[in-house]
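Number of protein chains: 2
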Amino acid sequence: MLRLSKKSDYGLMAVNHLARHYGEGSFSARDIAAGYGIPVGLMAKVLQRLVRCGLLRSQHGSNGGYTLARPPEFISALDVIHAIDGPVMITACQTVRGECVQTPMCTVKEPLRKVNERIVNALSALSIAEINA
Amino acid sequence: MLRLSKKSDYGLMAVNHLARHYGEGSFSARDIAAGYGIPVGLMAKVLQRLVRCGLLRSQHGSNGGYTLARPPEFISALDVIHAIDGPVMITACQTVRGECVQTPMCTVKEPLRKVNERIVNALSALSIAEINA
DNA sequence: TCGATATCGGACTGAAGGAGTCTGATATAT
DNA sequence: ATATATCAGACTCCTTCAGTCCGATATCGA
């Protein structure tokens, strides 16, 4: 249905939160989740994925938590979404290389690929810093 | 996951097919489905929705079928997707009026609304005639 | 050293939505 | 009449999403 997953939503909120407090130390999943009414466990999962993709740094132990791996200007909405949901692709039928699995007679593949490209561009042009402003 | 439903895909293919043969009479669900390896029953369902939203005209009985309700230049990809999947909205949390149901502290609502707007624009700027060219 | 507090990883469950089928009704041309 | 269409809705899988839970590991402070 051309919809973002809730996890991506949560991810954007979390990264946004960290951006807003950039340079003020680290925040735990609990810290972040509390402010937005997001289940802690789920928030933790989302944050873990962001760490694995190099967007966040994590610190174990007490007084631990998460911080941005780089300044908010250099993290895009696409980065976050891609880290959580994988590649942004509006059609299920085509692979990363643009091949159509379903049917070679698909006449709308190419136009949709262009639309997809525009969406990706729009998302990658939107930095977290920009969201925060 | 920011993905179009298969029904929308099928709808685009169908409308595209009808556009390619615009002025050559009507085509049944069976006619259209056959060429693309789409299940007939499902194709029929999709076509019905397009009729209900005024994009296609239908003709009962033998030698019946579907035709475009207006020239391909005046049907956009968004028209088709909207007819099948409903309003294009990348976030589940906001209603048509842009209100956030989940939490009033959502900090990413407004930026995502703008991204959504761009997507809608891209889709509504893409006419079926353009796809076909 | 012990314990509290974190992240981390995977498995798991329930609910929701998508894909596709089926049945029956209505309309129309031959 | 009959064959061929659309039409409408209910229905069944099956996948995916949302969220939970448990055990393991790492770190800080007392």
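Chains L and H, in that order, give the protein sequences. The first sequence runs 1 to 133 under the working numbering. The second sequence runs 1 to 133 under the working numbering. All C-beta atoms in this analysis are idealised placements derived from N, C-alpha and C, irrespective of residue type, glycine included.
- With contacts defined by Cβ atoms closer than 7 angstroms, Asn116/H and Ile90/H form a contacting pair.
- Across the structure, Phe74/L and Leu56/H are spaced so that their CA atoms are roughly 46 angstroms apart.
- Taken atom to atom, the span from the alpha-carbon of Leu12/H to that of Ile84/H is near 10 angstroms.
- The C-beta distance from Met43/H to Tyr22/H rounds to 19 angstroms, too long to meet the 8 angstroms contact threshold.
- If you check each beta-carbon in the region 82 to 94 of chain L against every beta-carbon of chain H, the ones closer than 8 angstroms belong to Asp85, Gly86, Val88, Met89, Ile90, Thr91, Ala92 and Cys93.
- The residue from Val46/L, His17/L and Glu24/L with its alpha-carbon nearest to that of Ile32/L is His17/L.
- Chain order gives the chain H residues near Gly35/L as Met105, where near means a beta carbon separation below 8 angstroms.
- Contact with chain H is found for Pro111/L, since one of that chain's Cβ atoms lies less than 7 angstroms from the residue's Cβ.
- Close to Ala122/H, with beta-carbon spacing below 9 angstroms, are these residues of chain L in chain order: Lys114, Val115, Arg118, Ile119 and Ala122.
- Residue-level contact by beta carbon holds for Met13/L and chain H, with a gap shorter than 7 angstroms.
- For Arg57/H, the enclosing beta strand (DSSP E) starts and ends at Leu56 to Gln59.
- In the structure shown, Leu2/L falls within a coil segment according to DSSP collapsed to helix, strand and coil.
- Under the 7 angstroms criterion on CB atoms, Val80/L is classed as non-interfacial with respect to chain H.
- Between Thr67/H and the set Lys109/H, Gly41/H, Leu47/H and Arg118/H, the nearest pair of CA atoms involves Leu47/H.
- With fewer than 16 other beta carbons inside 10 angstroms of its own, Ala125/H counts as exposed.
- The criterion of a C-beta distance shorter than 7 angstroms is satisfied by Gly65/H and Ser28/H.
- Contacts with chain H at 7 angstroms (Cβ-Cβ) do not include Ser62/L.
- Within the same chain, Cβ atoms closer than 7 angstroms to the Cβ of Arg49/H are found at Ala83 and Ile84, the five residues on either side in sequence being excluded.
- Judged by DSSP secondary structure, Tyr66/L falls within the beta strand (DSSP E) whose first and last residues are Gly65 to Leu68.
- Residues Lys7 of the same chain have their beta carbon placed closer than 8 angstroms to that of Lys45/L, with the five preceding and five following residues left out of the count.
- Separation of the CB atoms of Leu2/H and Val88/L is rounded to 5 angstroms, and the pair is thereby assigned contact status at 8 angstroms.
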